[in-house]
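Comments concern the structure below.
Number of protein chains: 2
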Amino acid sequence: MAKSTKTAGGGSPGLSRAGIVAVALELIDREGLENFSLRNLAKALGVNTTAIYWHLPGRNVVLAEVMATVIAGVTPPAQADWRAWLRLLMHNVRDALKRHPNTAPLLGAQLVSNIAASLDLVEGILAALRTGGFAGQRLVAAYNAVAAAMVGFATQELSPMPEDAPAWQAIVRARLDAVQADAHPLIAANMKLLANRAFILRWENGVQAPMDDGFDLFVEAFVDGLDRQPRDA
Amino acid sequence: MAKSTKTAGGGSPGLSRAGIVAVALELIDREGLENFSLRNLAKALGVNTTAIYWHLPGRNVVLAEVMATVIAGVTPPAQADWRAWLRLLMHNVRDALKRHPNTAPLLGAQLVSNIAASLDLVEGILAALRTGGFAGQRLVAAYNAVAAAMVGFATQELSPMPEDAPAWQAIVRARLDAVQADAHPLIAANMKLLANRAFILRWENGVQAPMDDGFDLFVEAFVDGLDRQPRDA
DNA sequence: ACCTGAACACCGTTCAAGT
DNA sequence: ACCTGAACACCGTTCAAGT
Numbered sequence: 256m257a258k259s260t261k262t263a264g265g266g267s268p269g270l271s272r273a274g275i276v277a278v279a280l281e282l283i284d285r286e287g288l289e290n291f292s293l294r295n296l297a298k299a300l301g302v303n304t305t306a307i308y309w310h311l312p313g314r315n316v317v318l319a320e321v322m323a324t325v326i327a328g329v330t331p332p333a334q335a336d337w338r339a340w341l342r343l344l345m346h347n348v349r350d351a352l353k354r355h356p357n358t359a360p361l362l363g364a365q366l367v368s369n370i371a372a373s374l375d376l377v378e379g380i381l382a383a384l385r386t387g388g389f390a391g392q393r394l395v396a397a398y399n400a401v402a403a404a405m406v407g408f409a410t411q412e413l414s415p416m417p418e419d420a421p422a423w424q425a426i427v428r429a430r431l432d433a434v435q436a437d438a439h440p441l442i443a444a445n446m447k448l449l450a451n452r453a454f455i456l457r458w459e460n461g462v463q464a465p466m467d468d469g470f471d472l473f474v475e476a477f478v479d480g481l482d483r484q485p486r487d488a
Numbered sequence: 256m257a258k259s260t261k262t263a264g265g266g267s268p269g270l271s272r273a274g275i276v277a278v279a280l281e282l283i284d285r286e287g288l289e290n291f292s293l294r295n296l297a298k299a300l301g302v303n304t305t306a307i308y309w310h311l312p313g314r315n316v317v318l319a320e321v322m323a324t325v326i327a328g329v330t331p332p333a334q335a336d337w338r339a340w341l342r343l344l345m346h347n348v349r350d351a352l353k354r355h356p357n358t359a360p361l362l363g364a365q366l367v368s369n370i371a372a373s374l375d376l377v378e379g380i381l382a383a384l385r386t387g388g389f390a391g392q393r394l395v396a397a398y399n400a401v402a403a404a405m406v407g408f409a410t411q412e413l414s415p416m417p418e419d420a421p422a423w424q425a426i427v428r429a430r431l432d433a434v435q436a437d438a439h440p441l442i443a444a445n446m447k448l449l450a451n452r453a454f455i456l457r458w459e460n461g462v463q464a465p466m467d468d469g470f471d472l473f474v475e476a477f478v479d480g481l482d483r484q485p486r487d488a
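These protein sequence lines map, in sequence, to chains A and B. Sequential numbering of the first sequence, starting at 256, is according to this note's numbering. Sequential numbering of the second sequence, starting at 256, is according to this note's numbering.
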């Protein structure tokens, strides 16, 4: 366990903001968000914990920067088909989170991570909706609906499981085994299709048990429905 | 600061599972999720921290139970109009989170809280979708889409702000002030409508700055769009 | 059965001090 | 300018001990 030469980028002096964030993301990918701490991060960097504070003001900012790198590049290039653009955006966000699923809880649930999103993304969504005919107050409402839809499915699909997976699996399975056909007929009738494939009834997250069908339906429904809403306030 | 007689329900011996959870929710409502700890909870209960462990196995279970009480009662009674049922469900979830906004991050982003949802809710969603004509694999896909839509908007709208609100507001405002009309024309043109009213461009959460228009459009778009999707796989 | 008390192995952040 | 070291005020959880 030697020190130094661990800056990931290979900067000359020692630490750098970008290097710290890169190692933080590696650490979260490997060990999970629950096990991430500035103390562990400092250890991985071969440095004293408090050295981080010279480059970044605190833990929340580190996490915001981590999320910013995760969702960098999700904004599709402009195109005439605004519905296709929105679909592509939603898929890009999900794909980005799939690459770093342990960061999923940081997106959406924390206002901190709002700053992670670029203004180009905001402008892109507004441009797509403007092409679609939305303006004024309706443009803002549609923007908020898109922003929510963009992260709503994937953050839940990919949210991490409890630490002790086997115990968790046992609880959910016991719950499913106890389902009575008279009280919950549709759950009972579709048990094989639902078990570990549906929210609330699963014991693995989207990494092990992807919900592609549900996501595709969600995207199609949302974009189709958005196109059917009135344009002006 | 006397001890005992703080069980909220007024149970005879001392602590009770329900009493602990009730006080935990009060504490989170009052002080926020960031400042919630089992040690604070024990103090509020007038008891040693480790006494909680006799009634509940750990922090995560306490939080799951808290969320269960928050979303208890969101499932609407069955009705013939399945679209109206879904709309009502989505509004009920949002209303429940509005009553306890500090718990919003617990819902959706944490697989733990999955167990907070009742099987009646699952059965209700399946029944509504079955009435709408969904079956088999498409039923499961539609269920997952509904489950995501149900919590996706509200959890983000109501997610808490960073602890030091003024500093946060300053950062977001500075970002908005720096918007250039040539680089981001639509943001610039709609600045007054967007500032503090849109995701990424706000500095207050849904408690201070509700997003009613965005939520209503989200609900209408999703339900309309869902009704337009093919029913069979 | 229900709770206390001590202990273990951690946290984020501040601040003076080094180089 | 950049990092170390000590210190402060916390955490969740385990486990033996009390009553």
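The beta-carbon is built from N, C-alpha and C at its ideal position, and this holds for glycine as well.
Q. So is residue 334/A buried or exposed if we call it buried at 16+ other beta carbons inside 10 Å?
A. Of the other Cβ atoms in all chains shown, fewer than 16 fall within 10 Å of the Cβ of residue 334/A; this residue is therefore exposed.
(Q) Measuring straight from C-alpha to C-alpha, what distance separates residue 293/B and residue 310/B? (A) Spanning the two alpha carbons is a distance of roughly 13 Å.
Q. Just how far apart, CA to CA, sit residue 326/B and residue 361/B?
A. A straight-line Cα-Cα distance of about 11 Å links residue 326/B and residue 361/B.
Q) Is the CB of residue 560/B under 8 Å away from at least one CB in chain A? A) This structure leaves residue 560/B out entirely; chain B is present only between 256 and 488.
**Q.** Distance between beta carbons of residue 381/B and residue 394/B, contact taken as under 8 Å
**A.** Residue 394/B to residue 381/B, Cβ: 7 Å. Contact.
Q. At a cut-off of 7 Å, is residue 445/A close to the ligand ATP when judged by its beta-carbon and the heavy atoms of the ligand?
A. The model depicted lacks the ligand ATP and carries no ligand whatsoever.
Q | Minimum C-alpha distance to residue 384/B - residue among 322/A, 288/A, 442/A, 418/A | A | The residue with the shortest Cα to Cα distance from residue 384/B is 442/A.
Q.
Below 7 Å on C-beta distance, what does residue 452/B contact in chain A?
A. Those within 7 Å of residue 452/B in chain A are 395.
Q) Could one say the Cβ of residue 449/A lies closer than 8 Å to chain B's Cβ atoms, at least one of them? A) For residue 449/A, the nearest beta carbon of chain B is closer than 8 Å to its own beta carbon.
Q. In or out: residue 410/A buried (at least 16 other Cβ within 10 Å) or exposed?
A. When all chains shown are included, residue 410/A counts as buried.
Q: Could you pull out every residue in the same chain whose Cβ sits closer than 8 Å to the Cβ of residue 416/A, ignoring the five residues on either side in sequence?
A: Excluding residues within five positions, the ones whose Cβ falls inside 8 Å are 423, 458, 459, 460.
Q: Measure the Cβ-Cβ separation of residue 282/A and residue 291/A and say whether it is below 8 Å.
A: Their beta carbons are under 8 Å apart, which means residue 282/A touches residue 291/A by this criterion.
Q | residue 327/A (DSSP reduced to helix, strand or coil) | A | Of the three classes helix, strand and coil, the one that applies to residue 327/A here is coil, per DSSP.
**Q.** Span of the alpha helix (DSSP H), counted from its first residue to its last, around residue 446/B
**A.** First-last of the alpha helix (DSSP H) with residue 446/B: 446 to 449.
Q: Taking 8 Å as the cut-off, decide whether the C-beta atoms of residue 289/A and residue 418/A are in contact.
A: Going by C-beta atoms, residue 289/A is nearer than 8 Å to residue 418/A.
Q. For residue 438/A, which of 316/B, 354/B, 379/B has the nearest alpha-carbon?
A. Across the set 316/B, 354/B, 379/B, the C-alpha of 379/B shows the shortest separation from the C-alpha of residue 438/A.
Q. So residue 399/A packs on residue 454/B, CB below 8 Å; how close in whole Å?
A. Contact annotation, residue 399/A with residue 454/B: C-beta distance approximately 6 Å; criterion of less than 8 Å satisfied.
Q: Would you please verify whether the beta carbon of residue 286/B is less than 8 Å from any beta carbon of chain A?
A: Not a single CB atom of chain A sits nearer than 8 Å to the CB of residue 286/B.
Q: Please work out which residues of its chain come closer than 7 Å, Cβ to Cβ, to residue 287/A, disregarding the five sequence neighbours upstream and downstream, and give them in chain order.
A: Excluding positions up to five away in sequence, the list reads 357, 415.
(Q) Does chain B have any CB closer than 8 Å to the CB of residue 446/A? (A) No, its Cβ sits nowhere closer than 8 Å to a Cβ of chain B.
Q: Tell whether a beta-carbon distance below 8 Å holds between residue 341/B and residue 396/A.
A: Using a Cβ distance threshold of 8 Å, residue 341/B and residue 396/A do not count as a contacting pair.
Q. Is it right to say residue 463/B is buried, meaning 16 or more other beta carbons lie within 10 angstroms of its own, or is it exposed?
A. By the 10 Å Cβ count, residue 463/B comes out exposed.
**Q.** Check whether residue 359/A and residue 321/A have beta carbons under 8 Å apart
**A.** Between residue 359/A and residue 321/A, the C-beta gap is not smaller than 8 Å, which leaves the two residues out of contact.
Q | As assigned by DSSP and simplified to three states, the class of residue 347/B | A | Reduced to three states, the DSSP call for residue 347/B is helix.
(Q) Just checking: is the beta-carbon of residue 478/B within a distance shorter than 8 Å of some beta-carbon in chain A? (A) Yes, because at least one Cβ of chain A sits closer than 8 Å to the Cβ of residue 478/B.
Q) Quick one: Cα of residue 447/B to Cα of residue 450/A, how far? A) About 48 Å.
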